[in-house]
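*Asks:*
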Ligand SMILES: NC(=O)c1ccc[n+]([C@@H]2O[C@H](COP(=O)([O-])OP(=O)(O)OC[C@H]3O[C@@H](n4cnc5c(N)ncnc54)[C@H](O)[C@@H]3O)[C@@H](O)[C@H]2O)c1
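Residue numbers (my numbering): 92 to 524.
(1) Confirm, please, whether the CB-CB distance from residue 254 to residue 206 is below 7 Å.
(2) Could you say if the segment 367–380 and the segment 208–226 meet the contact criterion of at least three C-beta pairs nearer than 8 Å?
(3) By how many angstroms is the C-alpha of residue 364 removed from the C-alpha of residue 409?
(4) Cα separation between residue 427 and residue 405?
(5) Is the beta carbon of residue 129 within less than 6 Å of some heavy atom of ligand 1?
(6) With DSSP as the reference, label residue 174 as helix, strand or coil.
(7) Would the C-beta of residue 444 count as close to ligand 1, meaning under 6 Å from any of its heavy atoms?
(8) Can you list, in chain order, the residues of its chain whose CB lies under 7 Å from that of residue 378, leaving out five sequence neighbours each side?
(9) For the beta strand (DSSP E) containing residue 103, name the first residue and the last one.
(10) Following the continuous beta strand (DSSP E) through residue 429, name the residue where it begins and the one where it ends.
(11) Here's the rule I'm using: 16 or more other beta-carbon atoms within 10 Å means buried, otherwise exposed. How should residue 475 be labelled?
(12) Taking only three categories from DSSP, how would you classify residue 262?
(13) In chain order, what are the residue ranges of uninterrupted beta strand (DSSP E) at least 3 long that sit wholly in the segment 97–169?
(14) Where DSSP assigns a beta bridge to residue 358, which residues make up the other side?
(15) Reducing DSSP to helix, strand and coil, say where residue 194 ends up.
(16) Under a three-way DSSP split, which group does residue 487 fall into?
(17) What do you reckon, are the CB atoms on residue 447 and residue 418 nearer than 7 Å?
(18) Which whole-angstrom value is the C-beta distance of residue 345 and residue 279, which I expect to be below 8 Å?
(19) Where do the ends of the beta strand (DSSP E) carrying residue 200 lie?
(20) What is the rounded straight-line gap between the Cα of residue 353 and the Cα of residue 396?
(21) Threshold first: 3 residues or longer. Then list the beta strand (DSSP E) segments lying entirely within the segment 310–376, N to C.
(22) Give a yes or no on whether the minimum CB-CB distance between residue 214 and chain B is below 7 Å.
(23) Nearest CA to the CA of residue 107: which residue from 382, 301, 284 and 291?
(24) I need the straight-line Cα distance from residue 134 to residue 332, nearest angstrom please.
(25) Can you check DSSP and say which residues form a bridge with residue 302?
(26) What is the rounded straight-line gap between the Cα of residue 141 and the Cα of residue 241?
(27) Our contact map puts residue 176 next to residue 126 with C-beta atoms below 8 Å; I'd like the distance itself, whole angstroms only.
(28) In or out: residue 293 buried (at least 16 other Cβ within 10 Å) or exposed?
(29) Determine the DSSP secondary structure at residue 416, reduced to helix, strand or coil.
(30) Residue range of the beta strand (DSSP E) that residue 439 falls in?
(31) Hey, quick one: how far does the alpha helix (DSSP H) through residue 398 stretch, first residue to last?
(32) DSSP on residue 204, reduced to helix/strand/coil?
(33) Is it a yes or a no for the segment 138–157 touching the segment 268–285, going by three-plus beta-carbon pairs under 8 Å?
(34) Quick check on DSSP: helix, strand or coil for residue 223?
(35) Identify which residue in 145, 181 and 222 has its Cα closest to the Cα of residue 171.
Below, the structure is given as structure tokens:
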């Protein structure tokens, strides 16, 4: 496969300069200076086996593939609060002062551009650093100008974007979302069904900027956006970063299923106290999150194929906003399982995780991989990046895989395919040839 080289600077544009975005940016800056290690990032620490096992050829992914280097990244963002990346990172209170102080000057330089923000989609936030304009079409034009100006002013070769903005209220695509034509008409009419994140998506796709959606928002998965991504040959992916509890679910459920252990119920509850938690305190935003989290178990366990094991599961999810915890989330899972002859057992998981610490490496990998995909001529939905999402977008009606290990295999086999190598099967027969 012919992949264009990763020359020059890569603009990484982030709608939303909150906890996740600033933890990501600060982490990259620290890693560049050798102060921190980008733990959790496959693109930086992962390896890939090429060829047969006895060839012992397992380079780092970053050495095997022409992905952009950390030094080549240039960060830009939009937010409805004026705080620069330093102030926002301090407010988020994820990284320690000694980390933030080491890169303070660099963080101060990152000032958000004015947001496109219609408050009806995120009811708990009230910011003033917002664009004004007569129509939603005009908002898209302003975003397009921001993108072009940023690339020009910072001397970048190209750009990618990762949505790190808040979770919007739950919406579903409507008639205006059907085609490019209907969507553009609806933008001119400022149709109420067009959300903030959809306006960003439209501007990015128009500017041929690959876009990954880290929230559960329906920013990209509607027919008009897919049509535009194909037409403009832009790779897209989403949605909702797979961190915390859902990450654990997609590690543990495939393990139980592998051993044909039955499951009767899975009760998950979380407390978190960051701004994301505050937004999710609004039932309409929580609904968007719930929908994105609920599909996971059914997809992994395939109850139709295994009715005796998974045909009657009660799956409940709760998220409570609890300010004292800040970004240090705690997730409890109670899993009611059963074994041989139906004898019941239980598992309890108490995961004291740090939300943004788990999300930051995902932002980095998505930015680098979606740029790679673009330079490799790939477009539309990148199923192979489903590894990173709670609710992976799929190219067809086919139910996407949620099993983390299947997702990893797909990701690595896609990288092998880009390198012109063969997909790996685990048959082991190659040993005996
Ligand atoms: N941290 C995780 O583990 C995790 C996991 C999955 C998904 N997410 C999602 O990632 C997103 C970011 O999470 P966070 O913890 O950084 O939240 P946060 O509240 O700290 O940051 C979100 C930022 O987006 C801004 N924003 C909202 N609407 C905007 C708009 N229209 N334009 C520009 N900026 C806008 C807000 O002002 C805020 O600063 C959320 O949607 C969250 O649900 C996070």
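Just so it is clear, CB atoms sit at the ideal spot from N, CA and C, and this is done for glycine as well.
*Replies:* With the structure as the only source:
(1) On the chain shown, residue 206 is found 115 positions in, with the first residue counted as 1. On the chain shown, residue 254 is found 163 positions in, with the first residue counted as 1. Going by C-beta atoms, residue 206 is not nearer than 7 Å to residue 254.
(2) Taking 8 Å as the limit for Cβ pairs, the verdict is that the segment 208–226 does touch the segment 367–380.
(3) The sequence position of residue 409 within the chain shown is 318, counting from 1. The sequence position of residue 364 within the chain shown is 273, counting from 1. Rounded to whole angstroms, the separation of the alpha carbons of residue 364 and residue 409 is 14 Å.
(4) The residue you call residue 427 lines up with position 336 of the chain shown. The residue you call residue 405 lines up with position 314 of the chain shown. If I take the Cα positions, the gap works out to 9 Å.
(5) Position 38 of the chain shown, counted from the start, is the residue given in the question as residue 129. It does not: the Cβ of residue 129 is nowhere closer than 6 Å to a heavy atom of ligand 1.
(6) Start at 1 with the first residue of the chain shown, and residue 174 comes out as number 83. In this structure, residue 174 counts as coil in the three-state DSSP scheme.
(7) Sequence index remark: in the chain shown, residue 444 carries index 353 (1-based). Between ligand 1 and residue 444, a heavy atom-to-CB distance of less than 6 Å is absent.
(8) In the chain shown, residue 378 corresponds to position 287, counting from 1. Closer than 7 Å at Cβ, skipping near neighbours: 261.
(9) Start at 1 with the first residue of the chain shown, and residue 103 comes out as number 12. Its beta strand (DSSP E) spans residues 100–106.
(10) By 1-based counting over the chain shown, the position of residue 429 is 338. Under the DSSP assignment, residue 429 falls in the beta strand (DSSP E) whose first and last residues are 419–429.
(11) Indexing the chain shown from 1 puts residue 475 at position 384. Buried, by the Cβ-count rule.
(12) Counted from its first residue, the chain shown places residue 262 at position 171. In the structure shown, residue 262 sits in coil (DSSP, three-state: anything other than H, G, I, E or B).
(13) For the segment 97–169, whole beta strand (DSSP E) runs of length 3 or above, ordered along the chain, are 100–106.
(14) As a working note, residue 358 is residue 267 in the chain shown. DSSP, once it has assigned bridges, lists 407 and 425 as partnering residue 358.
(15) Locating residue 194 in the chain shown gives position 103, counting from the first residue. In this structure, residue 194 counts as coil in the three-state DSSP scheme.
(16) What you label residue 487 is simply residue 396 of the chain shown in a count that begins at 1. The three-state reading of DSSP puts residue 487 in coil, since its state is none of H, G, I, E or B.
(17) Counting from 1 along the chain shown, the entry for residue 447 is found at position 356. Counting from 1 along the chain shown, the entry for residue 418 is found at position 327. Yes, Cβ-Cβ distance for residue 447 and residue 418 is below 7 Å.
(18) Your numbering for residue 345 matches position 254 in the chain shown. Your numbering for residue 279 matches position 188 in the chain shown. About 47 Å; that fails the 8 Å criterion.
(19) What you label residue 200 is simply residue 109 of the chain shown in a count that begins at 1. In this chain, residue 200 is not harboured by any beta strand (DSSP E), its DSSP state being neither H nor E.
(20) Here residue 353 refers to the residue found at position 262 when the chain shown is read from its first residue. Here residue 396 refers to the residue found at position 305 when the chain shown is read from its first residue. Their backbone Cα atoms lie some 13 Å apart in a straight line.
(21) DSSP runs (the beta strand (DSSP E)) wholly in the segment 310–376: 326–329 and 353–363.
(22) Given the protein chain composition of this structure (a single chain), no chain B is represented.
(23) Residue 107 sits at position 16 when you count from the first residue of the chain shown. Per the Cα distances, 291.
(24) In the chain shown, residue 134 corresponds to position 43, counting from 1. In the chain shown, residue 332 corresponds to position 241, counting from 1. Going from the Cα of residue 134 to the Cα of residue 332 covers about 16 Å.
(25) Locating residue 302 in the chain shown gives position 211, counting from the first residue. Bridge pairing for residue 302: 252 and 327 [DSSP].
(26) Position 50 of the chain shown, counting from 1, holds the residue named residue 141. Position 150 of the chain shown, counting from 1, holds the residue named residue 241. Whole-angstrom Cα-Cα distance: 38 Å.
(27) As a first step, residue 176 must be located in the chain shown, where it is residue number 85. As a first step, residue 126 must be located in the chain shown, where it is residue number 35. Wrong, their Cβ atoms sit about 16 Å apart, outside the cutoff.
(28) Within the chain shown, numbered from 1, the residue matching residue 293 stands at position 202. With 16 or more other Cβ atoms within 10 Å, it is buried.
(29) The residue labelled residue 416 in the question sits at position 325 within the chain shown. In the three-state DSSP reduction, residue 416 falls in the helix class (H, G or I).
(30) Working through the chain shown from its first residue, we reach residue 439 at position 348. 435–445 is the span of the beta strand (DSSP E), which, as asked, contains residue 439.
(31) As a first step, residue 398 must be located in the chain shown, where it is residue number 307. DSSP places residue 398 in the uninterrupted alpha helix (DSSP H) bounded by 398–401.
(32) Sequence index remark: in the chain shown, residue 204 carries index 113 (1-based). Taken through DSSP and simplified to helix, strand or coil, residue 204 comes out as strand.
(33) No contact exists between the segment 138–157 and the segment 268–285.
(34) Counting from 1 along the chain shown, the entry for residue 223 is found at position 132. In the structure shown, residue 223 falls within a coil segment according to DSSP collapsed to helix, strand and coil.
(35) Translated into positions along the chain shown, residue 171 becomes position 80. Answer by Cα proximity: 222.
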